[in-house]
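Trainee: The structure's right below; bear with me while I get my questions together.
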Amino acid sequence: MPVGERFSTHLIDAVLERKRKEREEVRKKLLEQTFKALERLAQIYSFEEAYIFGSLVKPGRFLPGVSDIDIAIAGLDDKDFFPTAAFLSSELGTDVDLVQLECHPLAETIKERV
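Printed below as a string of structure tokens:
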């Protein structure tokens with residue numbers, strides 16, 4: 038192909054768009070599952086608030102199989118932290134990065150952006 042000659046990328050563009058839509062559907066479904074898991078969690082452990090943040094709440098940013106789920110939780114007893122993280126990870130079938138809001142340096146930023 039001579040230098041400067043253009044070629045069509047419509048096939049690869051279509052594949053990339055299909056993959057993007059598939060990832061977005063997975064993200065939306067997992068976000069819904071996360072809300073439901075937090076509702077079930079509230080029946081087991083006592084906490085005041087939970088915030089989902091990070092790539093799961095940002096369209097186009099979550100990568101299934103690569104991204105984890107970021108959850109900040111307030112009012113959770115220290116003794117319930119690891120059982121809570123295990124519960125959420127088990128319920129959602131993926132890694133969960135659970136942080137206690139009271140001791141997180143970006144607590145206010147997390148609250149503001151959610």
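Sequential numbering from 38 applies to the sequence shown in my numbering. Beta carbons: idealized from backbone N, C-alpha and C, even for Gly. Here the structure is a predicted model, which is why all the values come from computation and not from measurement.
1. Between the segment 121–132 and the segment 99–107, can you find at least three pairs of beta-carbon atoms closer than 8 Å?
2. What does the alpha-carbon distance come out to for the pair Pro-120 and Arg-57?
3. From Asp-132 to Ala-122, what distance separates their C-alpha atoms?
4. In chain order, which alpha helix (DSSP H) runs of at least 4 residues are fully inside the segment 62–115?
5. Do you know offhand how far Leu-113's Cα is from Gln-137's?
Mentor: Working from what's here:
1. yes
2. 34 Å
3. 9 Å
4. none
5. 7 Å
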